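Single-structure report; data block below.
Numbering (mature numbering (1 follows the signal peptide of the UniProt record, and there is no 0)), first residue to last: -21 to -1, 1 to 377.
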């Protein structure tokens, strides 16, 4: 319904709204994401306190990138394209206690995707853009599973290749609100397949070509909310879900995160505070929705806002502790985390800050207790991401 409403809104304002320079021929709108991740999980199943019968190690490395572009080939009309590429390598070593690996399983996955389409843009006001469009997307995935037995009796290396390709029609609609001459807030709905429905939703930033004649400026702004002594309260949340059917098999995945934060400015533009974070995820299908895995943590952080303008960058460092729980296990896993983040914040009035994280470097060490007849695990996870398609947080100054 929302996509139909946006389309109707565009038709309504098309004849009465002035054409802003940003949607004239030759302009463009860009967004994207890139990421690196590494994890190392070790586990031991003890036969008794202080003795182990076997153990294993799981290592994973991943790289991902995506680029979204809209290039205006005619006033109000844009040719859109999206390209994405992902690679993951997972290695599983099955070990006999302290002995060398009994067997090794390696899984390499290459994934490519592309989409081509057309969008129609309308400008109800000089700051707000509305669009609707459609096109065709293609995606392919190639996996290679290698199994190697290393202990007697040795066996020849086994390789299992798997290839999947798919093509889907795409429908989309969204809004852009221009914060500056170069930066806009974008909300979008996207659906792949028919009948058209809200398959995914996103909220992020888009980079604009810019309009030399624009009256939107980022002049110095005296932000009362970042003055020394002010308290800042904030919250952020996200909900993601998708449903996919392949070869008659239906799968559903969903996740949600929520965070509440509070802090005080110990100096102008320097905030010290703490947050409580919650996340949950579920994977399953139509017959068995699956159990909910959840995580709860508390973090302390220091954040610095840079510059005197209404739209300004920020950097943040944090340290945290928490636990994760799997309903299929009697033991909850604990973790300690360090993170460094950077992004953009928009000073709205004298009391509100809207901000998004554009880059994150995150490290986490997790462990579970070593008790009789229960698996002991420890893991190290490191990730680095850069994206304009981030979650947003809203803060209110007291």
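Where is the CB? At the ideal position from N, CA and C, for every residue including glycine. Source: prediction; values computed, not measured.
Endpoints, the beta strand (DSSP E) within which residue i is located
| i | result |
| --- | --- |
| residue 301 | 290 to 304 |
| residue 333 | 331 to 346 |
| residue 371 | 371 to 376 |
| residue 167 | 162 to 171 |
| residue 277 | 271 to 284 |
| residue 322 | 312 to 327 |
C-alpha distance - residue i paired with residue j, whole-angstrom precision
| i | j | result |
| --- | --- | --- |
| residue 279 | residue 332 | 19 Å |
| residue 234 | residue 305 | 14 Å |
| residue 242 | residue 205 | 11 Å |
| residue 137 | residue 261 | 33 Å |
| residue 27 | residue 362 | Its pLDDT being 48, under 50, residue 27 is placed unreliably by the model, and nothing is read from it. |
| residue 326 | residue 114 | 37 Å |
| residue 167 | residue 71 | 39 Å |
| residue 82 | residue 66 | 23 Å |
| residue 142 | residue 94 | 19 Å |
| residue 273 | residue 255 | 14 Å |
| residue 171 | residue 203 | 45 Å |
| residue 55 | residue 44 | 28 Å |
| residue 104 | residue 372 | 25 Å |
| residue 144 | residue 88 | 13 Å |
| residue 282 | residue 295 | 4 Å |
| residue 73 | residue 85 | 12 Å |
| residue 160 | residue 6 | 12 Å |
| residue 99 | residue 185 | 17 Å |
| residue 91 | residue 328 | 43 Å |
| residue 69 | residue 106 | 46 Å |
| residue 64 | residue 125 | 22 Å |
| residue 236 | residue 210 | 24 Å |
Buried versus exposed, by CB contacts within 10 Å (16 or more), residue i
| i | result |
| --- | --- |
| residue 270 | exposed |
| residue 201 | exposed |
| residue 110 | buried |
| residue 59 | buried |
| residue 376 | buried |
| residue 2 | buried |
| residue 374 | buried |
| residue 208 | exposed |
| residue 335 | buried |
| residue 284 | buried |
| residue 156 | exposed |
| residue 146 | exposed |
| residue 300 | exposed |
| residue 149 | buried |
| residue 366 | buried |
| residue 151 | buried |
| residue 324 | buried |
| residue 57 | buried |
| residue 165 | buried |
| residue 246 | exposed |
| residue 102 | buried |
| residue 49 | buried |
| residue 30 | At residue 30, the pLDDT of 46 sits below 50, so the modelled position is not reliable; the number obtained from the coordinates is stated separately. Burial call: exposed. |
| residue 358 | buried |
| residue 277 | exposed |
Cβ of residue i within 8 Å of any chain B Cβ
| i | result |
| --- | --- |
| residue 364 | Of the protein chains in the structure, only one exists, and it is not chain B. |
Bridge-paired residues (DSSP) for residue i
| i | result |
| --- | --- |
| residue 16 | 41, 362 |
| residue 124 | 86, 139 |
| residue 8 | 49, 187 |
| residue 200 | Per DSSP, none; premise fails for residue 200. |
| residue 107 | 156 |
| residue 36 | 21, 72 |
| residue 99 | 56, 111 |
| residue 61 | 47, 94 |
| residue 256 | 238, 276 |
| residue 261 | 233, 271 |
| residue 251 | 243, 281 |
| residue 148 | 115 |
| residue 67 | 41, 88 |
| residue 213 | 240, 374 |
| residue 181 | 167 |
Residue i Cβ short of 7 Å to the ligand GTP heavy atom set
| i | result |
| --- | --- |
| residue 187 | This structure lacks the ligand GTP; in fact it carries no ligand of any kind. |
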